[in-house]
Amino acid sequence: MGTIYQIYGRDAHDMTLRLLEASDAIRLVPPGGSVALKPNLVIAGTPESGATTHPGVLSGAIEYFRGRGVADISVIEGSWVGDDTMRAMRTAGYDRVCREYGVPFFDLKKDATRPVDTAIGRIDICARALDAGLLVDLPVLKGHCQTIMTCALKNLKGCLPDREKRHFHAMGLTKPIAALGAALRPGLIIVDSICGDLNFEEGGTPVETDRMYLGTDAVQLDAYGASLMGLSLSQVEYIRLAEWYGGGKASFTQEDIVDLNAPSDVKTYPKPTGTVARLTKNVHQDRACSACFANLVRALYAGGYGQDILISIGQGFRGKSFEGLGIGRCCKGAARCVPGCPPTAEQIANALEDMAWEK
0 MGTIYQIYGR DAHDMTLRLL EASDAIRLVP PGGSVALKPN LVIAGTPESG ATTHPGVLSG
60 AIEYFRGRGV ADISVIEGSW VGDDTMRAMR TAGYDRVCRE YGVPFFDLKK DATRPVDTAI
120 GRIDICARAL DAGLLVDLPV LKGHCQTIMT CALKNLKGCL PDREKRHFHA MGLTKPIAAL
180 GAALRPGLII VDSICGDLNF EEGGTPVETD RMYLGTDAVQ LDAYGASLMG LSLSQVEYIR
240 LAEWYGGGKA SFTQEDIVDL NAPSDVKTYP KPTGTVARLT KNVHQDRACS ACFANLVRAL
300 YAGGYGQDIL ISIGQGFRGK SFEGLGIGRC CKGAARCVPG CPPTAEQIAN ALEDMAWEK
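If you read the sequence shown in numbering that gives the first Met the number 0, its first letter stands for residue 0, the second for the next number, and so on.
Below is the structure:
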């Protein structure tokens, strides 16, 4: 079992430096090797919304590795299907960090890929992630509208081209996430849990928990994150599956956790509220992409409509005719459809409101 270093506070830059120093992370960089920092930039959202990695995590990591002689440092990421990575990096404040430290940012949507054999077959993975001397995974611990939680393992999905992301959803997310984690295996993980959203991966209802933690086993850190959220491993299926595929070990004990300070002023970590389950009780979902599903959830959350409307979403509805409201181009056979790939939350909310008034 690996050691988990944990720190409490609000200063992401300082907390990151202290975690890296305590763990002697420089030992993980091969001689003359590069460091690639992979944050969570799922959408164009601010870290304060609970959606994206704080820029201080990047600046702290850059300062640490550069101060120890690593010259080749980069930031790599590809936002989810339907959003623009460069817009997302500017919204999150990464452009300022990259300019200040002279570090390049690479949009993985434009990167070359290579097929990698995994437990479920070949997966096309972006070359910059595969070629890094040390791949540093910088996820946000937060809720997810389909997989309940997302952290180190699922954050690696940003190392895929958009076509492979769509394929993941067509296969169902659980097995592909586990297989990718076992195949890519980042050498270092720093989890940003300062204010992750506990319900939606795209943020909007953040909860301040003032915590970060570091380790070298993505499976273990996800298992620990699940425990912080009050979730069992049976509720987050890809964690145990990633362990089965050889991606790491899910077990940990209190003796494995090294606290660098005391959580004297930190709020108790709350459990997910079940908001998504309540909002989507009338939704028929079959292999829906995260971007499409999350926009539907956002529309349901914001508008208060849809409780009595039959809603269908996902790639499983392609080529089918059915009653009710279909979300996205995969559901164009619905009696009424909100087109797009994905449609915006506003478009979905407008359609829901129109149908509610027609009843």
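Using N, Cα and C, we set each Cβ at its ideal position, and we do this for glycine too. Bear in mind that the values here come from a model prediction, so they are computed numbers and not experimental data.
Backbone secondary structure at residue i - three-state DSSP
i	result
Tyr244	coil
Cys158	helix
Ser231	coil
Ala43	coil
Arg121	strand
Leu129	helix
Asp221	helix
Glu62	helix
His143	strand
Asp196	strand
Pro341	coil
Pro29	coil
Thr2	coil
Val80	coil
Pro262	coil
Asp13	helix
Cβ neighbour criterion (16 or more within 10 Å) applied to residue i
i	result
Glu345	exposed
Lys109	exposed
Asn260	exposed
Arg286	buried
Glu47	exposed
Asp82	buried
Glu357	exposed
Identity of the residues DSSP links to residue i by a beta bridge
i	result
Ala35	Ser73, Leu134
Pro114	Asp123
Tyr7	Arg210
Phe105	Ile75
Phe321	Ala333
Leu359	Outside the displayed range of the chain (0 to 358) lies residue 359, so it cannot be described from this structure.
Met148	Gly142
Proximity of residue i and residue j at Cβ, strictly below 7 Å
i	j	result
Gly44	Thr15	no
Ala241	Ala169	no
Arg113	Ala126	yes
Met148	Val235	yes
Leu155	Leu183	yes
Thr279	Tyr237	no
Gly1	Gly246	no
Thr146	Asn198	no
Asp221	Val56	no
Boundaries (first-last residue) of the alpha helix (DSSP H) holding residue i
i	result
Ala355	344-357
Lys174	173-183
Cys336	Counting along the chain, Cys336 falls outside any alpha helix (DSSP H), though it belongs to the beta strand (DSSP E) covering 333-337.
Val275	274-278
Glu413	Past the boundaries of the shown model lies residue 413; the chain is included only from 0 to 358, so the question cannot be answered.
Arg86	84-90
Residue range of the beta strand (DSSP E) that includes residue i
i	result
Ser311	310-312
Val282	282-284
Val257	256-258
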